[in-house]
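Here's the structure we're looking at; comments come further down.
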Amino acid sequence: MSTPSQEDYLEAIWVLTDEKGYARVTDLADRLQISPASASKMVRRLHEAGLLTYERYRGFSFTPRGRKTGRLLYARHQILERFLTHLAIGSAQDIHRIVEGIEHHFDVMRVDQIERLVVYIDHHPNWWAQFLDDDGSVSQPPIGKST
Numbered sequence: 001m002s003t004p005s006q007e008d009y010l011e012a013i014w015v016l017t018d019e020k021g022y023a024r025v026t027d028l029a030d031r032l033q034i035s036p037a038s039a040s041k042m043v044r045r046l047h048e049a050g051l052l053t054y055e056r057y058r059g060f061s062f063t064p065r066g067r068k069t070g071r072l073l074y075a076r077h078q079i080l081e082r083f084l085t086h087l088a089i090g091s092a093q094d095i096h097r098i099v100e101g102i103e104h105h106f107d108v109m110r111v112d113q114i115e116r117l118v119v120y121i122d123h124h125p126n127w128w129a130q131f132l133d134d135d136g137s138v139s140q141p142p143i144g145k146s147t
């Protein structure tokens, strides 16, 4: 599979192409807050890995494999953000930062169990409300006791 850095690029390219219909090296550099030279270098690497088609000075686009990978990476990110949002562990900005730190530890093909839980929570808000304390934090049994 891809490195965490490659995953970040593929996810960013997915978002850019979803929002604008295309992605350019300068757009990618702006989104990831890196230099255009660094973005260009990674685009070439992703091209060599068969995830992008790239022509110098003409731009790049996903290959079918790259499109599938980008979609899965973006979906993984969204699932983890939704899950942490349900846990109410911080602001949207905090949650995004946390997900950026942990998402690479989750195989994109294995987040389906977390997704199933998120969907269950979405469809059973009363069950989830019972799981949370009155103050919105996650219920935890006293140490040494189970509920």
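Each residue of the sequence shown is one higher than the one before, counting from 1 in full-length UniProt numbering.
Cβ atoms here follow ideal geometry from the backbone N, Cα and C, with glycine treated the same way.
Asked: Assign LEU132 to one of three DSSP states: helix, strand, or coil.; Found: strand
Asked: Name the residue from GLU81, ASP30 and PHE106 whose alpha carbon lies nearest to the alpha carbon of SER2.; Found: PHE106
Asked: Please go through the stretch 10-88 and give each complete alpha helix (DSSP H) segment of 4 or more residues, from N-terminal end onward.; Found: 25-32, 36-48 and 64-87
Asked: Can you give me the start and stop residues for the alpha helix (DSSP H) that GLY101 sits inside?; Found: 92-102
Asked: Could you tell me the alpha carbon to alpha carbon distance between ASP30 and ASP8, rounded to whole angstroms?; Found: 13 Å
Asked: Can you give the Cα-Cα distance for PHE60 and PHE131, rounded to whole angstroms?; Found: 47 Å
Asked: Nearest to SER5 by CA position, among LEU87, ASP18, THR26 and LEU46, is which residue?; Found: LEU46
Asked: Could you check what DSSP says for THR147 in three-state terms: helix, strand or coil?; Found: Model confidence at THR147 stands at a pLDDT of 44, short of 50, so the residue's coordinates are unreliable; what they give is reported in the following sentence. Reduced to three states, the DSSP call for THR147 is coil.
Asked: Assuming ILE95 and GLU115 form a contact by the criterion Cβ under 8 Å, report the distance between their Cβ atoms to the nearest whole angstrom.; Found: About 16 Å separates the two Cβ atoms, so there is no contact after all.
Asked: Which stretch, first to last residue, makes up the alpha helix (DSSP H) that contains ASP107?; Found: It is not in any alpha helix (DSSP H) - ASP107 carries neither H nor E in the DSSP assignment.
Asked: Assign ASP18 to one of two classes, buried (16 or more other C-beta atoms within 10 Å of its C-beta) or exposed (fewer than that).; Found: exposed
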